[in-house]
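One structure is given below, encoded as C-alpha cells.
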DNA sequence: GTATTGTGTGCATAAAGTTGCATAAAAGCA
DNA sequence: TGCTTTTATGCAACTTTATGCACACAATAC
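Chains as they are written, first to last, in the UniProt record's numbering: chain A, 1 to 363; chain B, 1 to 363.
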C-alpha cells in the first residue's frame with residue numbers, strides 16, 4: 001500500500017529534515033526560498049495538503065492592512081476622462097470595499113513595457129520597495145515576469161485573467177456565460193450560421209482567445225457546426241488587420257453567415273460601420289454582437305452585448321485579497337462573475353434568404 | 001437481511017470506532033476531515049440521518065445555520081468504499097468547513113432521473129419540505145428543473161458546473177488551467193499533432209465540452225493547428241461509442257497524431273488499453289493524458305493527468321454558501337480552483353517518425 | 001423494575017507537526 | 001587570510017491531533 005503522505009515523506013525524498021519541511025509550511029523566516037520552492041513543488045506533486053490548524057485562536061491583528069493597486073497602462077491613455085473607462089468602475093468597486101473594511105489602498109500606474117520590479121516605474125514606488133504592502137491588486141494584464149516576482153513576495157489578485165506559469169488569483173467576468181447568453185439569443189432568433197471575429201492583439205489578449213473558446217463550446221452545445229471559414233483572426237496563421245477582417249466578414253456574410261459574434265464591443269462597432277459603408281444593414285441583413293458593455297459611439301445603434309460588471313469585479317477582488325492576506329484559503333482561485341445580456345438594436349431574426357442561398361443573396 | 005442502520009454499522013464498514021462516527025455527527029473538533037468525509041458520505045448512501053434527539057438541554061449556542069447537501073447519484077454506485085472516490089473528498093472539505101464554522105449539514109442522495117422537487121427521492125427529505133434549510137449544496141450535475149426550483153427557495157451552490165438558464169453559484173476546477181498545463185507539457189516534449197478525445201454522455205457533461213474548448217484555446221495559444229479530424233466525439237454529429245472512438249484514434253495515430261488529450265482519466269485508461277491490444281505502446285509510440293486524478297487501475301501505468309482538488313472544492317463551496325446565506329456578495333459567481341499536473345508514465349517525447357510519415361509509421 | 005440498544009464523552013496514546021537551540025556553511029570584512 | 005556575522009538546517013524535546021477504549025446516560029423492550 002502506498003505510504004501515507006506526510007512531512008516525513010517529503011523530507012526523506014528531498015533529503016532534508018522534517019523540521020525544515022515543517023518550517024516551509026508554517027512560513028517561518030530563515031528558510032532558503034529555493035528549499036521552500038522544492039518543498040512546495042513536491043508537496044503539490046504528492047498531493048500533500050497542509051491544513052491550517054483547526055482552532056483559530058487569537059489571530060486577527062488590528063493594524064489596518066495596506067494594499068497596493070497597480071494599473072498596467074500608459075498614464076496618458078488612462079487619464080483621459082472623455083468617456084467612462086472600465087478601469088474607473090473597477091477602482092470604484094475596489095475603493096468601496098477598502099473603505100468599508102477600513103483598508104489602505106495605494107494606487108499607482110506602471111509602464112506596460114517594463115519587465116522587472118527594478119525598472120523605473122516600479123522602483124519609484126517606495127512602499128513597494130520597502131515591502132510594506134500586505135497584498136497587491138493588478139489591473140489589466142501584466143508581463144508574466146512581474147506577476148511571478150510579485151507573487152513570491154505578497155498575495156496577488158489580478159482583475160483580469162493573467163496568463164502565467166505560476167497560478168494567479170484572479171477575478172474576471174465569466175466569458176463563457178456571456179458568450180452563451182449571446183449565442184442562445186441568436187439561436188432563438190433562428191440563426192444557424194454564426195461567425196466569430198476578433199482583432200489581432202499582442203499575446204496579452206487572453207480574453208479574445210477565451211471568448212473564442214466559449215464560442216466553440218456553446219456552438220457545440222447548441223448543436224451548430226463551427227465552420228472554420230467563419231472564424232476570423234483566431235488561428236495562429238491568421239493575422240488580419242481590422243479592415244481585412246471586416247472585408248472577410250463581409251465576404252462570408254455574402255456566403256450565408258447571418259450573425260457575427262465579435263470578441264469585443266469596439267470590434268463590433270467597427271464591423272457595423274464597415275458593413276454600413278458597403279450597403280449591408282444591421283440588423284436587417286446581418287446581426288452583430290459585442291462583449292464589454294462600453295458606451296456606444298454617437299453614430300452607432302445600441303449594441304447587443306454582454307455587460308461586464310466592472311464595479312463588482314473590483315469589490316470581489318478586494319475581498320479576495322483580504323482573504324489571502326489573512327492566509328485563509330491559500331491556493332489560487334479564479335473567480336468569474338456573471339454578466340448580463342444587454343438587448344440592443346443590432347440583432348434581428350435570421351434572414352431566411354441568406355441562410356440558404358449563395359453569394360448573390362445580399363448585394 | 002439488511003441490518004438496522006446505526007452508527008455501529010457505519011463504523012464497521014469504515015473500520016473505525018463507533019466513537020469516531022459519533023464525534024463526526026456531533027461536530028466535535030479533532031476529527032480528521034478525511035474521516036469525517038467518509039462517514040458523512042457513507043451515511044448519506046445508507047440513508048442514516050442524525051436528527052439531534054435531545055433538544056431539551058440548553059446546549060444550543062446561537063442556533064447554527066442548517067444546510068442541505070444533495071448528491072445526485074445512484075446510491076449503489078456511491079456506496080462502494082473500495083477506492084477513494086472523488087465525492088468523498090468533496091464531502092470531506094465541506095464538512096471540514098461546517099465543523100469549523102459550527103454549521104449543520106444534512107447529506108442526502110437523490111435520484112438523477114427525477115426532475116421535480118415533488119418526486120419521491122426529494123419528497124422524502126422532510127427538512128427540505130419544511131423549508132428548514134438556509135442553503136443547499138449540489139454535488140454532481142442536477143436536472144435543470146431541480147436547480148431552478150431550488151434556486152428560488154434558498155441560496156444554492158453547485159460543486160460542478162451546472163448548465164442552466166438562471167445563473168448558479170458554482171465551485172469547480174479550472175478546466176482551462178488543467179488543459180493548459182497538459183498541453184504545455186506535451187508541447188515542451190515536441191508534440192505538435194495533438195488530438196482530443198471524449199466519450200459521448202448525456203447533455204449533462206458540460207465538463208467535456210469545457211475541456212474541449214480549453215483544448216482549442218490552448219492549442220491556438222501555442223500556435224498549433226486544431227485539425228478537426230483529430231477531435232473525436234465533440235461535434236454534434238459525432239456519436240461514437242467508446243470502442244469506435246478508440247478505433248478512430250488508432251487510425252489517426254497511424255496518420256501521425258503523436259499525443260491524445262482525453263477529457264477524463266477513465267477515457268484515457270480505456271484508450272491506452274485499446275492501443276495496447278493493437279500493439280501500440282504508451283508512451284513509446286503515442287502519448288496519452290487524462291483529467292481528474294482518480295486512482296489508476298492495477299494493470300495500467302500511472303497516467304499523466306490534471307488532478308482536481310476535490311477537498312478544496314468542498315471547502316470553498318461551503319464558504320460560498322455561508323456568504324450567500326448571509327446575503328453578502330449576492331450575484332452569481334463561478335469559482336474555479338487551480339489544479340496540479342501529475343507527471344505519470346504515459347507521455348514521452350514526440351516520436352519523430354510518426355510525426356512526419358504516413359499510415360505505415362506504426363504497425 | 002431490569003435488560004437492551006443506541007449514542008455521547010473523558011481519558012489514554014500513538015502518530016504527526018512545531019520549535020528552541022546548536023551548528024555548519026556562506027558571506028562580510030579588515 | 002582569519003575573524004565575525006548571518007543564514008539555513010538538523011537534532012531532540014515538546015505540542016497537537018486523531019482515534020480507540022470504556023463507561024455514562026437515555027430511551028425503549030420485556
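For glycine and all other residues, C-beta sits at the position ideal for the given N, C-alpha and C.
- The alpha-carbon of residue 246/A is positioned some 16 Å away from that of residue 208/A.
- With respect to residue 48/B, residue 5/B sits close: the two C-beta atoms are nearer than 7 Å.
- Assignment of beta-bridge partners to residue 185/B by DSSP yields no partner.
- Just so you know, the alpha carbons of residue 187/B and residue 222/B end up roughly 8 Å apart.
- Not one beta carbon of chain A lies nearer than 7 Å to the beta carbon of residue 168/B.
- In this structure, residue 175/B places its C-beta atom within 7 Å of the C-beta atom of residue 211/B.
- Straight through space, the alpha carbons of residue 305/B and residue 298/B are spaced by roughly 17 Å.
- Put simply, the backbone Cα of residue 303/B is about 8 Å away from that of residue 269/B.
- DSSP places residue 32/B outside both helix and strand once states are collapsed to three, so it counts as coil.
- Judged by their CB atoms, residue 259/A and residue 194/A are nearer to each other than the 7 Å cut-off.
- Per DSSP, the unbroken alpha helix (DSSP H) holding residue 89/B starts and ends at 86 to 100.
- In terms of CA proximity to residue 68/A, 103/A leads the group 103/A, 335/A, 37/A.
- Within the segment 253 to 296 of chain B, the complete alpha helix (DSSP H) runs of at least 4 residues fall at 265 to 277.
- Interface with chain A (7 Å Cβ-Cβ cutoff): residue 338/B is included.
- By the Cβ-count criterion, residue 41/B is buried, with 16 or more other Cβ atoms from all chains shown falling within 10 Å of its own Cβ.
- Per DSSP, the unbroken alpha helix (DSSP H) holding residue 147/B starts and ends at 144 to 153.
- The C-beta separation of residue 320/A from residue 171/A comes to about 6 Å, placing the pair in contact by the 8 Å criterion.
- Using a C-beta cut-off of 8 Å, the segment 28 to 44 of chain B makes contact with the segment 92 to 108 of chain B, since at least three inter-stretch Cβ pairs fall below that distance.
- Rounded to whole angstroms, the Cβ separation of residue 125/B and residue 71/B is 12 Å, and the two are not in contact under 8 Å.
- Judged by their CB atoms, residue 332/A and residue 141/A are not nearer to each other than the 7 Å cut-off.
- Contact between residue 159/A and residue 137/A holds: CB atoms are separated by about 6 Å, below the 8 Å threshold.
- Counting along the chain, residue 24/B sits inside the alpha helix (DSSP H) bounded by residues 18 to 25.
- For the segment 183 to 214 of chain A, the residues whose beta carbon sits under 9 Å from a beta carbon of chain B are, in order, 184, 203, 206, 209, 210, 212, 213, 214.
- When rounded, the separation of the alpha-carbon atoms in residue 7/A and residue 316/B is 24 Å.
- Remark: C-beta atoms of residue 197/B and residue 262/B approach each other more closely than 7 Å.
- If the five residues before and after residue 347/B are omitted, its C-beta is found closer than 8 Å to the C-beta atoms of 185, 186, 189, 259, 283, 287, 288, 289, 304, all from its own chain and listed in chain order.
- Collapsing the DSSP output to three states places residue 107/A in a strand.
- Collapsing the DSSP output to three states places residue 190/B in coil.
- Residues of chain B whose Cβ lies closer than 9 Å to the Cβ of residue 334/A are, in chain order, 174, 176, 177, 334, 335, 336, 337, 338.
- Residues of chain A whose Cβ lies closer than 9 Å to the Cβ of residue 225/B are, in chain order, 235, 236, 237.
- Close CB contacts of residue 300/B within its chain, under the 8 Å cut and outside five residues either way in sequence, are with 269, 272, 273 (chain order).
- The Cβ-Cβ distance between residue 206/A and residue 144/A does not fall below 7 Å.
- Counted as a single uninterrupted DSSP element, the stretch harbouring residue 199/B is not any alpha helix (DSSP H), since DSSP gives it neither H nor E.
- Under the Cβ criterion of 7 Å, residue 217/B is counted among the residues facing chain A.
- Contact check for residue 257/B and residue 230/B: beta-carbon distance about 5 Å, within the 8 Å limit, so the pair qualifies.
- With a threshold of 16 other beta carbon atoms within 10 Å, residue 28/B falls short and is exposed.
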